[in-house]
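Shown next, in structure tokens, is the structure this report addresses.
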Amino acid sequence: MKEEIIKRRNQLVGFLYQKIGKPIFFKFDPENVHDFITAVGKLLGGNPLTRPLTNIFLNYSHPTLTQTVAGINFKNPIGLAAGFDKNAGLTQIMPAVGFGHMEVGSVTGEPCDGNPKPRLWRLPKSQALVVYYGLKNDGCEKIAERLYNKKFKIPVGVSVAKTNCALTATPQAGIADYVKAFEKMKGVADYITINISCPNAFGGQPFTKAEDLDTLLTAIEKISFDKPTFLKLPPDLSRAELDALLAVSDRHRVSGFICTNLTKDRTNEQIKALLKDADIKTVGGISGRPIAEISTKTISYLYQKTQGRYIIIGCGGIFSATDAYEKIKAGATLIQLITGMIYKGPQLISEINSGLVELLKKDGYKNISEAVGADYKKV
Ligand SMILES: Cc1cc2nc3c(=O)[nH]c(=O)nc-3n(C[C@H](O)[C@H](O)[C@H](O)COP(=O)(O)O)c2cc1C
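Numbered according to UniProt numbering, the sequence shown spans residues 1 to 379.
Right, here's the structure in full:
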């Protein structure tokens, strides 16, 4: 009965989003809409009446979905990926939206205005976005202050990156910037992700090279931190490059990987035809459907190679419970998303969670953790 009511509620919210919300939002500049939604989310989260109301319209929970991962309790596997709540303004509302965790940031050592506008585009036919924000954020000091001494209903991780400017382009300066952000965030984050895969930052992605990553992790390890640390990987690495990063991770304090960030690959046939605009032909990383398969392949590869030694968080092109389940069976313990929510609506999180409960039941699992890596487990 409860499941039937949730299904109807989600259908109604989804219908209203497709018929009213999305057509209006998609008429305006994507960054302005993002800023507007963030402002509304802050208002809803800050009010003791609208928070429970949001819960009624969007939240969903089920015991099958609960897990303890690296000592942290997750009420469900679906998290908000880094980049939607860059400045930690939405920590009060996202639990009511139904997320089981959220990742704030990416947060950098210094405040950063990001790249020149325009820097966010939609590709509706591909169900994708082109993102060229360039790590716009208020900087680690302000964001740490915002999170300090707050209580959260779900785990709040922080993604750290190096400030996007010429001054951090050398590996030494880049590392000092990461270390500054990590130091500031260690007291306010439930976990920290080291984002080594921003496709839009000055100086490229030096820390996806094994030697530079080794130096970065050695510097970060000097900071005392007893919570999980993840690495966020790009989808564009070869198997040999992934192997090299794994070898480095084996020597350091790495709990797992987020697979994956945006792609810079412009050869993807699905989107090639759509890249007509001069800007998006050359700049920005692509999210959503076009990266779904490559992200799942990265998860499968890492899971098989490491036999569950690392926690894998699957991210990229998740639009349904089936998409999420595919990544879980490939080896992901947790899931993160942004683009699916923009195209499908805020009820997507509840839809995925209730859909997962059905899929798990159909396959005879009592808890979601039993399905992690099921594609590769011997029967
Ligand atoms: C608007 C936007 C901003 C993003 N900013 C960041 C960021 O600051 N740090 C980061 O690690 N990933 C960032 N990402 C990448 C997402 O966290 C995620 O890895 C990617 O979008 C794939 O998931 P999706 O297909 O569900 O959107 C951003 C993505 C979007 C759409």
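Idealized CB from N, CA, C, for every residue including glycine.
- In this structure, G79 sits near L334, with a CB-CB distance shorter than 9 Å.
- Sequence-distant partners of I93 (beyond 5 residues in either direction) whose C-beta falls short of 6 Å from its own C-beta, in its chain, are G41, L44 and G45.
- Cα atoms of E211 and F84: separation of roughly 31 Å, rounded to the nearest angstrom.
- No Cβ-Cβ contact shorter than 9 Å links A88 with N59.
- Apart from sequence neighbours up to five positions away, the residues of its chain that approach I294 with a beta-carbon distance below 6 Å are P235, ordered along the chain.
- According to DSSP, residue pairing for V156 in a beta bridge involves M102.
- With a beta-carbon spacing of about 13 Å, A128 and I318 fall beyond the 8 Å limit used to define contacts.
- Between ligand 1 and the CB of S287, the shortest heavy atom gap is smaller than 8 Å.
- Ligand 1 has a heavy atom closer than 8 Å to the beta-carbon of L129.
- Cβ neighbours of A161 within its own chain (closer than 6 Å, five residues either side excluded): S106, T108, L135, N195 and C198.
- Relative to ligand 1, the beta carbon of E351 is positioned no closer than 8 Å to any heavy atom.
- In this structure, the straight-line span from the alpha carbon of K186 to that of D226 is close to 9 Å.
- For secondary structure counted as the alpha helix (DSSP H) over 4 or more consecutive residues, the stretch 245-280 holds these complete runs in sequence order: 269-272.
- In this structure, DSSP gives L213 a helical state, which the three-state scheme calls helix.
- With respect to the C-alpha of R119, the residue from P111, P30, T170 and F15 having the closest C-alpha is P30.
- I291 sits away from I312, with the two beta carbons spaced by 9 Å or more.
- Counting the other Cβ atoms within 10 Å of the Cβ of A166 gives fewer than 16, which makes it exposed.
- Annotated as distal: L216 and I154, with beta-carbon spacing of 9 Å or more.
- Taking non-hydrogen atoms of ligand 1 into account, the C-beta of K162 is found less than 8 Å away from none of them.
- DSSP places T218 within a helical segment (H, G or I) once states are collapsed to three.
- Under the three-state reduction of DSSP output, G285 falls in the strand class.
- Secondary structure at Q304: helix, using DSSP grouped into helix, strand and coil.
- Exclusion of the five residues before and after E141 leaves K184 as the residues of its chain whose Cβ lies within less than 7 Å of its Cβ.
- In the DSSP assignment, N367 is bridged to no other residue.
- Taking C-alpha positions only, A169 is separated from R146 by approximately 28 Å.
- The residues T91, in chain order, have a CB closer than 6 Å to that of F152 in the same chain once the five nearest residues on each side in sequence are set aside.
- Taking C-alpha positions only, N164 is separated from K327 by approximately 31 Å.
- Y191: not part of any alpha helix (DSSP H); member of the beta strand (DSSP E) spanning Y191 to N195, first to last residue.
- One Cα belongs to K19, the other to K362, and the distance between them is close to 32 Å.
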